[in-house]
Amino acid sequence: MTMRIYAAALGLEANSFIAQPTSYQAFRDKLYYPPGTHPDSPTHQTAAVFVAKRRAARDGFTVIDGPCYAAQPGGPATRAAFERMRDEILDHLKASLPVDGIALSLHGAMIAEGYEDCEGDILRRIRAMVGGGVPIAIELDPHCNLTIERCRLADII
């Protein structure tokens, strides 16, 4: 059986001082690729998906490309937007199990209404789903907010 890697993206550089929240539509307007539609060229905020697909073509493993979302820098995401995108990624991952590894493009500075650490939240839920035996790699922007929880939950940053 060939190795299976799950890859997805979710990115927003959020600023808590901006009063206007970032809507779901703002993500759709900037960057949205439904599962299985990520192009075979690099795009903003989806490096993990692009690199995984290139390596898979070269090394003969399978990449399941999940949902990819990114918005322009702005205010915190609305709770509904974050939960909708997070749950879409989680539901698609669950439907794709079993996997041998996970690669996520995350910005690292995303906040949403009710969530101070969106990346930590999604990592915690993924780790609970796949257990400790599946490596999780995350790609973060160089000026991300790196948390102890992210370091604990991800195997590769």
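Numbering (my numbering), first residue to last: 14 to 170.
For each residue, glycine too, the CB sits at the ideal point set by N, CA and C.
Bounding residues of the alpha helix (DSSP H) (the contiguous stretch that carries residue i)
i: Tyr46; result: Where Tyr46 is concerned, there is no enclosing alpha helix (DSSP H), although the beta strand (DSSP E) it sits in stretches over 44-46.
i: Val62; result: 60-72
i: Val143; result: 131-143
Close Cβ partners of residue i (< 8 angstroms) along its chain, the five nearest in sequence each way excluded
i: Lys107; result: Met142
i: Asp72; result: none
CB contact flag (residue i, residue j, <7 angstroms)
i: Gly145; j: Glu132; result: no
i: Ser109; j: Thr59; result: no
i: Asp168; j: Met16; result: no
i: Ile115; j: Ile149; result: yes
i: Ile135; j: Arg165; result: no
i: Met178; j: Ala27; result: Limits of the chain in this structure are 14 at one end and 170 at the other, which puts residue 178 out of reach.
Rounded distance between the beta-carbons of residue j and residue i, thought under 8 angstroms
i: Pro48; j: Gly24; result: 17 angstroms between Cβ atoms; not a contact.
i: Cys81; j: Ala39; result: Actually they do not touch by this definition, with Cβ atoms about 15 angstroms apart.
Candidates the options: closest to residue i by CA position
i: Tyr19; options: Pro89, His105, Tyr37, Phe40; result: His105
i: Phe30; options: Asp100, Pro89, Ile170; result: Pro89
i: Glu152; options: Ile102, Ala61, Glu162; result: Ala61
Contacting residues, own chain, Cβ-Cβ under 7 angstroms from residue i (five flanking each side not counted)
i: Arg92; result: Ala125, Glu126, Gly127
i: Ser36; result: Thr91, Ala94
6 angstroms CB neighbourhood of residue i in its chain, flanking five on each side removed
i: Gln85; result: Lys43
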